[in-house]
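Enquirer: Sequential numbering of the sequence shown, starting at 1, is according to my numbering. C-beta atoms are modelled at their ideal positions from N, C-alpha and C, and glycine is treated no differently.
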Amino acid sequence: MSSLVGAVFERSATSKPSSPFAPGPSSAGFPQATHRSKKSAFSKAREQNVQRRDHLPTVVPSQPMQQHAEAGRSLDWREQMSRENEYRVSAMTEDEREQEKKEILQRFGPGIGDILKKAREARERNVAGPSSPRIEPLPSALASPSRPASSASKKIRFAEVTESDVHVYESAPPSPRKKALALPPPSIDDNDAVSIGTWKGKSPASTLANEEPEEGTPEYIRRRFFPSAPSNNPNLAWMEESARPGSSGPASTSLRFDLSGNVLPPSLHDSLPTHLGLHHHAPDETGVQLAGYTLDDIFLMSRSEVKAQRAAAMRMLGGIADWANLNEDQAELRPRVLAAGIEAMAERGSLGLHAVEVVWKCLSAYAVPIIAGVELGITIPSLPLSHLLQQTATALETSEDPTSLGHLLAILRQLANTNNDTATEIVSTPSLISNLFRAFLLSSSHTSTEHANEALQLLTTLASSSRANARTLCEPADALLRFIAILPPPNPHLVTSTLAFYKTLASYGLYSNIASTAHLPLTDLARYIHDNHSLAAPWAELLEAWIVCATDPHHTTPEHDILWSQVVACGWGQDLLAIMPKLDDSDDMAAVWRATATWLEGARINGVRAGEEERAECLASVKAGFETEGGLEHKTVQAALSNLTSELSLIEGSDPEKMARMGRVAETLAAAIRLWLACLPTSSTNPISSPPFRLPFEQLSEICRKLVAHPVWSALPGSGAGYAVYRPLSSLLARYLRLSRHLPNISQDVWMAQALAVIARLLPGDEDFAVEVTNELIDLFTVEWTNARGFDMTLEFWNKRGLKILKPFLPHVIRPTLDVFVGPSTTSPNSIKYSTTQRLPTHSSAFSREYGVPLRRDWSLAPLDHLLRSGVSPAFQNLPPSWDGSEVDVTRAALLLTNICREISSRYSLSSFVLTREEAVFGCMKVFMLEHGQPHNDSAEEVFRDPLVNKLMDNLLSRYTAVAGLPTSPDDLEQAAIPFLGSSTPFYQYYTDFIALYDAISFSHPTFARLLLPPTTMKYAPDYRRHLWNDFAHVIRTIRVTPETLIAGDLGEYLWPVDSDPQMLGGYLRALLKDGGVQDFLRLVALHHVACNIWPDLRENGEDERAEKLLKAVIEQGSHDTVAEVMRYRQASKQHVSLPPDCFNIHENLRISRLDFVRRVGGDVLVERVHGLFSQG
């Protein structure tokens, strides 16, 4: 000790006594941690001595001696008992303590702890007294220094202390001096508010409501009426309130996270030291303060008024978002994290940066690969879109961090690709687009060129979503000229994206005046591209769009925004021809071919002598290349054919990468065909005598024949947003269809078959082409052509315009929704005026009733839909004044067109395009349902009684009988009816109306009766059979259908599996027992199911009791012929149905076994009654 203590110095008498240091408030929101390692034990002892020396005792009035004595006597026995209890508890082991706790809880209930706590608090209040002031104890004499008072003015000098002389103690968890307040709750009317949890800590104020359970709850009932019952009875678990998703369960109660948002193992919850910053939260329900933060702790901190706490919470939520993205079972947590991040996005500093990262991470869980030109249709649950976009606009304005700006841009790109409505919301958000330009695209921005390129791609996506959005984006588009004004460009990708954005605007006929206002930089760019071909494709695509606008300047917005004279003056056609020989990339070559073809098509309309000079100039430039073996154009076409053939032979299903490669190759071939068509003279005939230049026509025909019927199309309905990659393939087929019309070896019938196949492969955006092709087909189906093919129609039919009466309906069949016009893959003068979007719709919309293409196999029967809904049909609301058709005329034409289409497709083995049996049946049902709900004053007015209509229906249905041999379709009538009925109306309801109509007006119409039976085959639900055989049993006798006229893929569809439904067996039995109750094939059906439920040799399983009852009923109530048929009925095989009389021939062994069964049922008496019937067989 003497080595540590130095000399003793006297303290100056005038020096002031020192006072303890009071820590000030923390600016960070957290209490300042005071570690014991900061002060040595000697310093603490010195401070305590100074405090004792400077402390003055408080003098208070003494209490009466009697009161003190009484209080002492009342507490003596409690203190004695308390000491004895403490001694007994300290002597117990841990197991004994736990056992004692269990016994106390079992004896007094789980609330005993609260009761004892309240009693102790009451005793302490009574002891202290309500009015007695707190008496500070006098300092003990033992606590004063032992040395004389004079020594108090001395100082002690300590020797130098090394680090090895000082022991560092572990710090205790700091207790916050001031509790941070949370943000106020959202208003009730705030629909965008998302709950991010409730505080699980202990409330500082205890009320009666917190102590007693709420009235009516399971715990209240238990305490009130069953106090002896355990509180956690598993039999009453169903009464407990279900946990709210995302706020309870393991994620919110047991999991704890560190400051980075990583999950802490449970083993570290009570072992980590407090200086790590993991204890700055309220204790848990048991009063223990564990390391790490629960989700509710973090969400509570995220609403704090102290930004430092919110920033720490956001940093943790970023890690939690990563954790939730890796765990699918935590998907319900993501909206809570997302809502917390959105709320703080607009904050400055680290809080805003972390919040943007949180939102980006949450939304990335819903991200899918971006496919250009299609709405992805992603659904993000509980997304407050408007609030998110407002916060994003503010964050773009305030943030300067490149990483955070990149995250904001990624968020906007993901949302813009979701759907057109979201893109419109982005464009209409105040200040969002201007802040986007300021942050990424203006010269004052300091972001990377990669982010600028992504921002340009975002603008292109927004512009392609709708015409209104494109018009809004025209205003700041001038600012992008800076990317093409500097040559050579610092980053060619920025030039490419800028040209793509201008091309998208031009596809609506917008902003094409830039071609003249920015003539000089565009001319310099064209000159630069002649020597640097990397920008050839986007430059050619932009010229193509501008040339289309100039072809018909009346369709631009505003009108005459660009004129054909400007195209001629700029020499764009000559520029395209000049750059063509310099290209070596097939994609660049295809883009230049398309632009050149557009120039020639425009010259055909606006040029001198219909563009004859331009065509000659083009042929002089390209003809040699296409026809020479080593020519660049020839090699490009041959390579594309070879690649497409190879891909078609290898692809299985819908592989996205392979489909994309096939699409690029198909675009090259389609561009070559389009250029060939554009070079045709105006007076060309079909077929032409001499082509403008040679193409491998036979190879093109073969590859398109394989493509149109390839199995890859079967994956189209289930391809999701990936269906957009099929668009180049359908464009190739459309271009080939135009080419084949001019080929000498393609007959008219062959072209019709090709046309019927190709229009079934079109996609949204190809509606105009589909209308053109269907109108051409109708023009070709003349009276001479139909009569030569055996479709004998009356002269009256042709005098009423024949099939041309359907033309007003076809545009509405192909484009059911008139307010949506998807721009085609090849821009046209019509599309720049009417297109409302340049993106394909979501997959679910494209294959719904909102869109008519791809055309269904029964598209030729669609005019009947408009007849059935004539009151609301847009076709009837827009009929031309000269149209004077009737229901009968339209029905005749639709049925004739359907018969023709079916005949042509079947003749050329295009089976996948032939109407299925179910589609034909449902289409004919529509003819009869035209009378549903109509007044029937005269049966002659009924459409189905028209002889020509009846003949056409019989001719169509004859191809689908059992004897026709057409394979059974995997589809059913319920699926075939969805396009007309929709998913909300079941086909069963339609069928019940159909039977009721038959009962009311049919008068046993044979075709009407045949259509009743297909839904009663055994592959359909028994409800259909019950409705016909039981509910409308009286109509069964009017149905006369022979096996030859039965509509089915196989007769066995009505027989197998055997019907064992009791109600149906009763219906079959009644029909058999009633004289004349069932005839022809329906009698065979009833006989089959009754016999197969009686005879053991026909029964697969079943009850003998039911068989006995059926047998007795037949014998006792049936006619002689009916009993004989049941006794002798048999079917040798399910694969081949035996018809009468073959099904009544039984061999001797079978006769004996059945007689034995009859004997077991009714004895020899019953055998005697039926023995003769067996002998007749």
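(1) Assign H812 to one of two classes, buried (16 or more other C-beta atoms within 10 Å of its C-beta) or exposed (fewer than that).
(2) Tell me whether the beta-carbon of S534 lies closer than 8 Å to the beta-carbon of P492.
(3) Is the number of C-beta pairs between the segment 562-570 and the segment 611-626 that are closer than 8 Å three or more?
(4) Starting from the Cα of A439, find the closest Cα among K804, A395 and A470 and give me that residue.
(5) Can you have a look at A122 and say buried or exposed, based on whether 16 or more other CB atoms are within 10 angstroms of its CB?
(6) In three-state DSSP terms, what is I104?
(7) Use the C-beta contact count for Y991: other C-beta atoms within 10 angstroms, 16 or more gives buried, fewer gives exposed.
(8) Taking buried to mean at least 16 other C-beta atoms within 10 Å of its own C-beta, is F483 buried or exposed?
(9) For a test of the three-state rule: what should DSSP assign to L840, helix, strand or coil?
(10) CA-CA distance, A964 and H1136?
(11) Quick one: what does DSSP say S1002 is sitting in, helix, strand or coil?
(12) Provide the residue(s) that pair with R256 in DSSP beta bridges, ordered along the chain.
(13) Can you tell me whether E96 is buried or exposed? The criterion is at least 16 other CB atoms within 10 Å of its CB, across all chains shown.
(14) Ends of the alpha helix (DSSP H) at S683?
(15) Considering only DSSP beta bridges, list what I1047 is partnered with.
(16) Give the straight-line distance between the Cα atoms of N1030 and L1073, rounded to the nearest whole angstrom.
(17) Round the Cβ separation of L716 and Y723 to the nearest angstrom and send it over; I've been treating them as touching at under 8 Å.
(18) Take every Cβ of the segment 846-863, pair it with every Cβ of the segment 752-772, and state whether three or more of those distances are shorter than 8 Å.
(19) Can you give me the start and stop residues for the alpha helix (DSSP H) that K926 sits inside?
(20) DSSP puts V1158 in a beta bridge; with which residues?
(21) Label S882 either buried or exposed according to how many other C-beta atoms from any shown protein chain fall within 10 Å of its C-beta, with 16 as the threshold for buried.
(22) Would you give the residue range spanned by the alpha helix (DSSP H) that G633 belongs to?
(23) Using DSSP with H/G/I as helix, E/B as strand and the rest coil, what is V1137?
(24) Does the pairing of the segment 1103-1111 with the segment 1078-1086 give three or more beta-carbon distances under 8 Å?
(25) Checking the sheet assignment: what are the DSSP bridge partners for L1011?
(26) Secondary structure at T557, three-state DSSP: helix, strand or coil?
(27) For P335, count the other beta carbons within 10 Å of its own beta carbon; 16 or more makes it buried, fewer makes it exposed. Which is it?
(28) Given E796, which residues of its chain have a CB within under 8 Å of its CB, disregarding the five upstream and five downstream residues?
(29) Among the residues of its own chain, which have a CB less than 7 Å from the CB of S825, if the five just before and after it don't count?
(30) Which term fits M929, buried or exposed, when burial requires 16 or more other beta carbons within 10 angstroms of its beta carbon?
(31) From what residue to what residue does the alpha helix (DSSP H) around I380 run?
(32) Could you check the C-alpha separation between T1045 and A962 for me, to the nearest Å?
(33) Could you check which residue in A463, T782 and N325 has the C-alpha nearest to that of G261?
(34) Please report how far the alpha carbon of I904 lies from the alpha carbon of P553, in whole angstroms.
(35) Please report how far the alpha carbon of H555 lies from the alpha carbon of E544, in whole angstroms.
(36) Using the C-alpha atoms, what's the distance from L290 back to D284?
Expert: Reading from the atomic positions:
(1) buried
(2) yes
(3) no
(4) A395
(5) exposed
(6) Here I104 carries a helix assignment [DSSP, helix/strand/coil].
(7) Buried is the call here.
(8) By the neighbour-count rule (16 or more Cβ atoms within 10 Å), F483 is buried.
(9) strand
(10) 15 Å
(11) coil
(12) L264
(13) It is exposed - the Cβ of E96 has fewer than 16 other Cβ atoms within 10 Å.
(14) Segment: none, S683 is in no alpha helix (DSSP H) and carries neither H nor E.
(15) In DSSP, I1047 forms a bridge with T961.
(16) 14 Å
(17) 6 Å
(18) yes
(19) R917 to M929
(20) Beta-bridge pairing links V1158 to no other residue.
(21) Classified as exposed, S882 has fewer than 16 neighbouring CB atoms from the shown chains inside 10 Å of its CB.
(22) It is Glu, not Gly, that sits at residue 633 in the sequence shown. That run of the alpha helix (DSSP H) goes L632 to L650.
(23) coil
(24) no
(25) Paired residues: none, contrary to the question.
(26) strand
(27) Per the 10 Å Cβ criterion, buried.
(28) none
(29) For S825, where only same-chain residues beyond five positions count, the Cβ hits under 7 Å are R727, S731 and G765.
(30) buried
(31) Neither: I380 is in no alpha helix (DSSP H) and is coded neither H nor E.
(32) CA-CA distance, T1045 to A962, rounds to 8 Å.
(33) N325
(34) 42 Å
(35) 15 Å
(36) 8 Å
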